[in-house]
Structures are given as structure tokens and as C-alpha cells.
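Chemist: My questions all concern the structure below.
Number of protein chains: 2
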Amino acid sequence: MNRRKFIKTTAVLGSASLLKPSFAFSGSSSKLKIGVIGTGLRGQWMINLFLNRPDVEISAICDIDDKMIEMTKEIFRRKGLPIPKIYNRDENDYLNLLSNEDLDGVNIATPWRWHHPMAISAMKNNVHVGVEVPAALSVSECWDLVDTSEKTGKLCMIMENVCYRRDIMAILNMVRLGMFGEIIHCQGGYQHDLRHVKFNDGSQPYGGGVEFGEKGFSEARWRTHHSVDKNADLYPTHGLGPVSPMLDINRGNRMLHVTSTASQARGLNKYIVEKGGSDHPNAQVNFKLGDVVTSVIKCANGQTIVLSHDTNSPRPYSLNFRVQGTQGIWMKDNKSIYIEGLSPQNHRWESENKYLNEYDHPLWKRFSTSKDDLSQAGHGGMDFFIARAFIESIKGAKKPVIDVYDAVSMSVIVPLSESSIKSGSRPIKIPDFTRGKWKKNKPIFGLDDNY
Amino acid sequence: MNRRKFIKTTAVLGSASLLKPSFAFSGSSSKLKIGVIGTGLRGQWMINLFLNRPDVEISAICDIDDKMIEMTKEIFRRKGLPIPKIYNRDENDYLNLLSNEDLDGVNIATPWRWHHPMAISAMKNNVHVGVEVPAALSVSECWDLVDTSEKTGKLCMIMENVCYRRDIMAILNMVRLGMFGEIIHCQGGYQHDLRHVKFNDGSQPYGGGVEFGEKGFSEARWRTHHSVDKNADLYPTHGLGPVSPMLDINRGNRMLHVTSTASQARGLNKYIVEKGGSDHPNAQVNFKLGDVVTSVIKCANGQTIVLSHDTNSPRPYSLNFRVQGTQGIWMKDNKSIYIEGLSPQNHRWESENKYLNEYDHPLWKRFSTSKDDLSQAGHGGMDFFIARAFIESIKGAKKPVIDVYDAVSMSVIVPLSESSIKSGSRPIKIPDFTRGKWKKNKPIFGLDDNY
């Protein structure tokens, strides 16, 4: 067994594998070999970040879109690096990448429906997985990820970058310090006008036309179909992921049930008609996705979580964060905090700034003063941390901080919200993917400045 | 039939009574005779407002609390008015007030559980009703109010003052002008730290102790019991009332079902223990009311409404308003508006101020320049308008703008949210109290500067 294979077999899933990781990967002599499946704009961006690291080598990439492959090769050329092995024969060529290459890990940044089969294949090929959000689209796919990760001992991490947003981590810090008291209610969501993402002119990624599917480019090629086919919270993880550690989800707490309610669907058709005319063929498309989808989750320890999904309407961006406890409340939409006994005026908001600075998370403190330029690291720095977390998890210094249980508990809201909406907002039970281990699992995300 | 009796019989409920109102009440020679049942702090305040009007005489009052009666008499003395007839023998003495006095209308400002029986008795005694929120506490009470109002032809108006809040009416104005496009989603709620209202020292109305019930004063005497007995949205009307006209509820639209989910109950016990010590007898009380209750309503025309009830925790006051359409969005918590095509920067909030000024409602324009001092009229002026609407409705110049269907559709969320929470957040059907008339009813609230 060579060194890489030993790492691949023993590291990461301490609780699932028989052997405990017994060393920290030094990373100096041999780099981790990482593959990237899906080299669209997101995949390219992650490649950029991985290549910034001295301990990572991107040895293989996979995509069926020639334009995206060309753009990706250009990244390597610009950095003076050799072009990695390319898998682009057909949409199943990722299977060859996974079986032929001796990879430590693979980053999956493909259209959503490929996340599950690719993650499963990777783990079965003894490759650790970092999969973009959402990790899976059905309950059975979620269970499959859990079972496969447990059986193979491979990491199945969800690349939920917002968990690492600076304000989120400061608030998590404050939650852990008890400053909000006992947490009673959280809110999150994905309120992002995606109309120019869902439609474009077929050559630029954002806007310029009302095409999607075959005639669209980038996300419009595939993402928009989900708005046609499905009435659900299509994108719950950016809201749910960040509040999960604050609520100790899967680690002392779990989500019991969810109800979802969708508004009428108007925005996408309106956009097509206004930009492309009522004669445009897409003006006849019937979009199932309600413009605003509200989901309410109940937790075993009593807390409620409200998630908002709102991507078809003109609105300023907001992830709708609110964290409320028996002692205080943070509300992102007005950038404010109120803490009883600390805030100078009773019942008056304070700017969040003072608190976000004072309780800046150790991880951010550590890296914002290093040579790593976080402002260039994507989405305000949080992509730097999620890429780093994936690599550090593979290196196995300690248990991964975002694991397969997080991946599926965040993602399962997609199919469950769909079921709830279909049945007139009935509460849908949320499976306990930890099979009872949530009762004894300890919090693990963001405990220190490690990862 | 004398003039008053004629008004009482024919005015107001045009659709329910056989005779249509055929004249506007001139109000110069004979004043409307109004009774007030419940002369607590709210009742006293409304008496103040009614007495400001030249067309109203408060001829009888009723309460069983001697202290409150004394405070009320003082209002009349200060104004140099004769003390009205007092009914204070026992808690059923209101029946004598209603049968003995020849009243045009009665304002009911008693503890919630009395709202329904008092309103029913008033209507059966041929007296128009203005009842404080909520109008009823059960589904059958709601139906009873509807049936009785229809049968007697008497007004059963809910005194939902927030419908008249200046920003709300400006936004309603903008909604009617189509500036938000087709409305898809609204939010509202009652997020108000009531701990100092629910508990006091038995002599002052707000705070100073942790007593309630027999040992409490003012609202703490009765309101707090609802937090002991009931897990529900106890106070939905301040959030739901204002958005109802924006959604044409009962007038072209109706609410179909509601799901409610409650967080754990912590805040009230924490407050008692912290202020009164863990040895205080009230520290043993088991409060059923979850600290945050979230309800989601689905409308016949597709829209969703999110209501938040949050009264047990330290937090700044907010009624959680948000109004969103296919063209733009208003969010009160950051005092902002965004309208596509109007807002100068794409996806950027603007201050709401410009819009609230420009689209100030005609009713506010009319009265904010009159001699009526709205700033002294309670809750930023909105109490002036709700008192005025009640009186104008009785005078019967035209149909009442807030009627019994509004009263019950706003109030029924109390029992329905309780049912939903009890059943694990199941969707509960919302009765069509209009019995199909919502399909043809036309919008009526706030159409002009009349009332």
C-alpha cells in the first residue's frame, strides 16, 4: 500500500472506518491529486482556488462542453501548469476518470442531477467527494450517499460555502458563547433574482436573451429545467447550511418535519414575454416553480427554521438570515443585532458591525492576516475556506467538519418541500440520516482556527 | 320610527339588509350614542378619541374593575362632560347596558374571551359593534359573528388599527396602482416583546414584577392566561389585517389553508426566574405558547402570506411587513423598496421614504393637514382613523370598509394555528365565511379619502 492509498483508506471518516487517522498529512513531498468533474464557471473557479494551494495537484478534469474545457485549459496555461488529463468523450466519461486516475479526491460541479451518481461512483472508486449544492435530489439518493459513504469510508462533503461567510461564522461564535441565549428560531433562504441566470442568449452566461436548455449557455442549459419541472425549494442549502451548526443539527439536534407553501408562478413567464416577446416559443413554457416558496422546519430540540426560496422576481439579493434566542437576535436584512443587557437601549437595534468585528471567527482572524488574499477567493472569501476544508478533510488531520450527514440533511429539503407543496403543505417527516447518532454526536464545525 | 332607530335599522350592511342606506348622516343636531364595554387602558384611549368628535356622545360605559372605571370618569371630568351611565355590577352587566341604553354603537375593549359574546349580544340588541382584536377565539364563534351580523343587519367591525398605518396605506396605494406588479407574497406579524405587559407588580400596567392573573393589573390580569393555555398565533390581526386589502382577501381572493409551527417555550419562564427568582410561584407555571410561532397561509389566487408571532423574547418591535410582487418589493425591516424599472440601481434597495411620501394615501393627506392632531391620536395616528371608520360606518354614508368578514378572516387564524400546531403543523382549511361572495365582492377599503 503506497502512501496515497493509505491516506485514502484510513483518513477522514474516523467514525465509519475501522482505522483511525493517525497522522496529519504533511503535504510537502507529494501533492494531493484532485479531479474536477464539471468545468463550468463554478468548476473553473474552484480549480483556480485549488491551484493556489501548494498541496494540491489537479490531475484530471471532465466535462462534455468543449467551450468550458477550453476555458479551463486556459487557466492551466496562464498559471504555467501542465494541462491535466481530459475526459470529455460523453456524459459517462466521468466513470473512466474515476476508475483510471489514482485520485485522492474529486470536486463535482456538474448539473444537479449528476451530483448523486457521480458522488456514488467516486466513493466506490475509493475517491473522496466534495460535491456542490445540492448533494442529491431525492430521499433515496440521500440515503444512497449516506450508505455509500459509511460503507466505503470515503468523505462525501457538501461544498456549502456560505457556512464560511464571515458574518455567519462570527454569529456562530456568538451562539457558541451563549450570547443569544438558547436558540429558538432561525431563518435563512435563497432570495436571489436568477432570471438572468436562468435565461441568456446562448453565448454569454448571464442574460442577453430568453433562451434556456439546448439553446442556453452555462447554467441556463440545465438549471432552468428544474423551474419547469418542479415546485419546491430548489436551493435550500445556502440558508440551511449556515444555521445548521448554530442549531447543532445532526450533533445534538435534528430536523423533524417540514411544511412548504409556494406562491403562484409568474416571474419567469413575465421575463420571457417582456424580453423576448409573447411570440417567443419559451413564452409558452409552463413553469411549475412558484415564485416564492416558504418552508418551515421543526427541530427535535424545539427550534423552528424558516427558509425562503425566491429566484424568479426582481429583488435585491438576500439570504434572509435571522438567528434568535432567548437573550437576543441577529437580523441580516437590517444588519442589526439586539442583545438584552448588552445593547445600550432597550428594544433598539444596534448595528451588527461592532459584534461582527469583536466576535470575528478564529478561522477568519487567522487567514485574513495571512498572505492569502481572501477578497480574491470568491464570494467574499468563503470559497477559499470551503476549498480548504475539503482539502484538509482529505488530509485527515481530524474528522471532516462538514460530512455526508450534513450534505443530505441540507439537500433533502428539495424533495421534501416538493412533496409538501404537492400535498397542499402537509408536514413531511425528515429522515434521521444519522440513524440515531445525532443524539451523541458532538458539534464539530468551526470550533477553532483549524478548518 | 325615530331618526336614530331609522339609522340603526337601515344603514351599514347594505348587502345584508333589505333597505339600502339612502342618506349621509349630517351629525349636527343629534349625536351618535356610543357605549364602551371595557374601560381598561385601550377602552379609555378610544373614549378619548370618540369624545374628540363633535358627532359622538359616550352615553354608557361598562367595566368590573373599579380602578379602571375611576380612571375613565376622570376623562369625562377633565373634558367637562357629564359622567356617562356606568354598568359595573358584575361581569354580565354589559347585557343591561345593551338592553337598557338606546345605543347606536358599542366599542368592545374587554379581555379577548368576552369579545364574541358581547358582540353577539350587541347585534341582537340592535347595536352596531366595533370590537377590538381578535374578534373571536374559535371557528364557531367566527361563524356566529357572521350569522348574527347577516341576520340582524348590524355592523360587526374589527378595530384593526394597523390597517390605517400611514406606511401601510401608502403601500396599499402603490399596490392598487400596480407598482409592485401582481402580488405574489406578503409577510406580517406581531413581533413585540410583551414580557412587561404579561407580567407586572399588580399596580402598574407595565413591568415592575412577575405577577399575572389575580395578582396582575391591566392586561396581565387576563392576557397572560392565553400564553399559559394556548400554543397558537394569539395575535394575527395586526399582521394579517393590513395585507388583506393588498391581497383582496374576501373581495376577489380568499385564504385557503394555514400551517403553523411553534418553537419551544422559554422566554416567559426565563423572565420570571430572572426577575422574580426561581422560588417565585409563577416560576412553576408551564407556558404552552411557543416563543416564535410561524404561520404560512395559501390564497385562492396563489399568493402566500407568512405571519410571525413573537412576544416572549427580548427583541425590537417589528410587525414584519413585506409586500412582494412581480415588479417589486417593500420590506419594512430595512425600510426599503425596490421596483424594477424605477429604482435607479439594479438589485439595490432604495429608502422607502421617497415612495411613502409620494404615494401617501388620500385619507392621510386629507387629515394630516386638518386641525385634527394625528400625532396625538394614538399609535402614530392610526387610532384616529379606526375610530373614525367605526363612526362613519355607523353613519352609513356607504358600506363599511372593514366588516364582519374581515373581522373573522383575520381572527380565525388564532384557533386554526392552534389546531395546526397541535397536529404537527398540518395544513388547516380556512372557512369561506363569505359563503362564495368573495368571488364577486369588490375591494372597498381605502379606495378614497372618505374612510
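Each protein sequence line maps, in turn, to chains A and B.
Everything in the first sequence is counted per numbering that gives the first Met the number 0, starting at 0 for the first residue and increasing by one.
Everything in the second sequence is counted per numbering that gives the first Met the number 0, starting at 0 for the first residue and increasing by one.
No residue lacks a Cβ here, since even glycine has one placed at the ideal position from N, Cα and C.
Treat the numbers as computed from the prediction; the structure is a model and nothing was measured.
Would you mind listing the alpha helix (DSSP H) stretches within the stretch 56-85 of chain A that are 4+ residues and don't spill past its ends, in chain order?
Modeler: Runs found: 65-77.
Chemist: In chain order, what residues of the same chain lie with their CB nearer than 6 Å to the CB of residue 437/B, ignoring the 5 residues before and after it?
Modeler: For the purposes of this step, residue 437/B is taken as residue 438 along the second sequence, with counting starting at 1. Answer for residue 437/B: 249, 253, listed in chain order.
Chemist: So, do the stretch 171-186 of chain A and the stretch 254-267 of chain B have three or more beta carbon pairs nearer to each other than 8 Å?
Modeler: The stretch 171-186 of chain A is in contact with the stretch 254-267 of chain B.
Chemist: Does residue 425/A have its Cβ less than 8 Å from a Cβ in chain B?
Modeler: Counted from its first residue, the first sequence places residue 425/A at position 426. Answer yes: the Cβ-Cβ gap between residue 425/A and chain B drops below 8 Å somewhere.
Chemist: Identify the contact partners of residue 332/A in chain B, using a Cβ-Cβ distance below 9 Å as the criterion.
Modeler: Residue mapping note: residue 332/A aligns to position 333 of the first sequence, counting from 1. The answer, in chain order, is 330, 332, 333, 335.
Chemist: How many angstroms separate the CA atom of residue 20/A from the CA atom of residue 103/A?
Modeler: What you label residue 20/A is simply residue 21 of the first sequence in a count that begins at 1. What you label residue 103/A is simply residue 104 of the first sequence in a count that begins at 1. The predicted position of residue 20/A is uncertain, since its pLDDT is 36 and thus under 50; a value taken from the coordinates is nonetheless stated next. When rounded, the distance between both Cα atoms is 15 Å.
Chemist: Strictly by DSSP, which residues pair up with residue 330/A?
Modeler: As a working mapping, residue 330/A is identified with position 331 in the first sequence. BP columns for residue 330/A point to 321/A, 335/A.
Chemist: Do the CB positions of residue 94/A and residue 58/A come within less than 8 Å of each other?
Modeler: One-based indexing of the first sequence puts residue 94/A at position 95. One-based indexing of the first sequence puts residue 58/A at position 59. Going by C-beta atoms, residue 94/A is not nearer than 8 Å to residue 58/A.
Chemist: So, at 7 Å on beta carbons, what are the nonlocal neighbours of residue 451/B in its own chain, with the 5 sequence-adjacent residues on each side left out?
Modeler: The question about residue 451/B has no answer, for chain B in this structure spans 0 to 450.
Chemist: Does residue 192/B come within less than 8 Å of chain A when only Cβ atoms are used?
Modeler: Locating residue 192/B in the second sequence gives position 193, counting from the first residue. Chain A contact via Cβ: present.
Chemist: As an exercise, report each continuous beta strand (DSSP E) stretch of at least 3 residues that is fully enclosed by the stretch 154-199 of chain A, in chain order.
Modeler: Fully enclosed beta strand (DSSP E) runs of 3 or longer: 155-157, 182-190.
Chemist: Going along chain B in order, which residues have a C-beta closer than 8 Å to the C-beta of residue 38/A?
Modeler: The count along the first sequence starts at 1 and reaches residue 38/A at position 39. Correct list: empty, because the minimum Cβ distance to chain B is about 28 Å.
Chemist: At a CB distance below 9 Å, what residues from the stretch 310-324 of chain A approach chain B? Give them in sequence order.
Modeler: Answer in chain order: 311, 312, 313, 314, 315, 316, 317, 323, 324.
Chemist: Say whether chain B places a C-beta atom closer than 8 Å to the C-beta of residue 226/A.
Modeler: Locating residue 226/A in the first sequence gives position 227, where the first residue counts as 1. It does not: the Cβ of residue 226/A has no partner Cβ on chain B nearer than 8 Å.
Chemist: Judging by CA-CA distance, which residue of 30/B, 394/B, 107/B, 289/B is the nearest neighbour of residue 157/B?
Modeler: Counting from one through the second sequence, the residue named residue 157/B turns up at place 158. The shortest Cα separation from residue 157/B among 30/B, 394/B, 107/B, 289/B belongs to 107/B.
Chemist: Could you tell me whether any non-hydrogen atom of the ligand COA is closer than 7 Å to the CB of residue 316/A?
Modeler: No copy of the ligand COA appears in this structure; indeed no ligand is present at all.
Chemist: For the stretch 252-264 of chain A, which residues have a CB atom closer than 9 Å to at least one CB atom of chain B, in sequence order?
Modeler: Flagged, chain order: 255, 256, 257, 258, 259, 260, 261, 262, 263, 264.
Chemist: Determine the closest residue to residue 134/A out of 439/A, 234/A, 421/A, with distance taken between C-alpha atoms.
Modeler: Here residue 134/A is taken as the residue at index 135 of the first sequence, counted from 1. Residue 234/A is the option with its Cα nearest to residue 134/A.
Chemist: Would you check if there are 3 or more beta carbon pairs closer than 8 Å linking the stretch 332-352 of chain B to the stretch 218-237 of chain B?
Modeler: In short, these stretches do not touch, since the Cβ pair count stays below three.
Chemist: Where does the unbroken beta strand (DSSP E) through residue 309/B begin, and where does it stop?
Modeler: For the purposes of this step, residue 309/B is taken as residue 310 along the second sequence, with counting starting at 1. Run containing residue 309/B: 303-309, per the beta strand (DSSP E) assignment.
Chemist: Helix, strand or coil for residue 299/A, going by three-state DSSP, please let me know.
Modeler: Sequence index remark: in the first sequence, residue 299/A carries index 300 (1-based). Looking at residue 299/A - three-state DSSP - the assignment turns out to be coil, as it is neither helix nor strand.
Chemist: Whose CA, out of 212/A, 385/A, 203/A, 176/A, lies closest to the CA of residue 46/A?
Modeler: Counting from 1 along the first sequence, the entry for residue 46/A is found at position 47. Measuring from the Cα of residue 46/A, the nearest candidate turns out to be 385/A.
Chemist: Would you grab the beta carbon distance between residue 109/B and residue 71/B for me? Rounded to a whole angstrom, and I think it's under 8 Å.
Modeler: In the second sequence, the residue the question calls residue 109/B occupies position 110. In the second sequence, the residue the question calls residue 71/B occupies position 72. With 8 Å as the limit, residue 109/B and residue 71/B do not qualify as a contact, their Cβ atoms being about 13 Å apart.
Chemist: Are the stretch 405-412 of chain A and the stretch 205-218 of chain A touching by the rule of at least three beta carbon pairs closer than 8 Å?
Modeler: The answer is no - the stretch 205-218 of chain A does not touch the stretch 405-412 of chain A, with fewer than three Cβ pairs under 8 Å.
Chemist: Going by DSSP, what residues sit across from residue 438/B in a beta bridge?
Modeler: The residue given as residue 438/B occupies position 439 in the second sequence. The partner list for residue 438/B (beta bridge, DSSP) is empty, contrary to what the question assumes.
Chemist: Spell out the partners DSSP gives residue 127/B in its beta bridges.
Modeler: Here residue 127/B refers to the residue found at position 128 of the second sequence. 104/B.
Chemist: What does a CB cutoff of less than 8 Å around residue 26/A pick up in its chain, not counting 5 residues either side in sequence?
Modeler: Translated into positions along the first sequence, residue 26/A becomes position 27. In this prediction, residue 26/A scores a pLDDT of 41, lower than 50, which makes its location untrustworthy; no coordinate-derived value is stated.
Chemist: Going straight from the alpha carbon of residue 201/B to that of residue 83/B, what length do you get?
Modeler: Counted from its first residue, the second sequence places residue 201/B at position 202. Counted from its first residue, the second sequence places residue 83/B at position 84. The alpha-carbon atoms of residue 201/B and residue 83/B are separated by roughly 27 Å.
Chemist: Just checking: is the beta-carbon of residue 291/B within a distance shorter than 8 Å of some beta-carbon in chain A?
Modeler: Start at 1 with the first residue of the second sequence, and residue 291/B comes out as number 292. At least one chain A Cβ lies under 8 Å of residue 291/B.
Chemist: State the Cα-Cα distance for the pair residue 194/A and residue 282/A, rounded to the nearest angstrom.
Modeler: Walking along the first sequence from the start, residue 194/A turns up at place 195. Walking along the first sequence from the start, residue 282/A turns up at place 283. Spanning the two alpha carbons is a distance of roughly 14 Å.
Chemist: Rounded to whole angstroms, what is the Cα-Cα separation between residue 139/B and residue 410/B?
Modeler: Your numbering for residue 139/B matches position 140 in the second sequence. Your numbering for residue 410/B matches position 411 in the second sequence. Approximately 12 Å between the Cα atoms of the pair.
Chemist: Listing by chain order, which chain B residues have their CB less than 9 Å from the CB of residue 302/A?
Modeler: Taking the first residue of the first sequence as 1, we reach residue 302/A at position 303. Simply 262, 263, 291.
Chemist: What does DSSP give as the partner residue(s) for residue 252/B in the beta ladder?
Modeler: What you label residue 252/B is simply residue 253 of the second sequence in a count that begins at 1. 248/B.
Chemist: Tell me the DSSP bridge mates of residue 261/A?
Modeler: In the first sequence, counting from the first residue as 1, residue 261/A sits at position 262. Looking at the DSSP assignment, residue 261/A forms a beta bridge with 292/A.
Chemist: For residue 447/A, count the other beta carbons within 10 Å of its own beta carbon; 16 or more makes it buried, fewer makes it exposed. Which is it?
Modeler: Reading the first sequence from its first residue, position 448 is the one you call residue 447/A. With fewer than 16 Cβ atoms within 10 Å of its Cβ, residue 447/A is classed as exposed.
Chemist: Secondary structure at residue 28/A, three-state DSSP: helix, strand or coil?
Modeler: To locate residue 28/A, count along the first sequence from 1; it is residue 29. With a pLDDT of 48 at residue 28/A, under the threshold of 50, the predicted position of this residue should be treated as unreliable, though the coordinate-derived value follows. If DSSP states are grouped into helix, strand and coil, residue 28/A belongs with coil.
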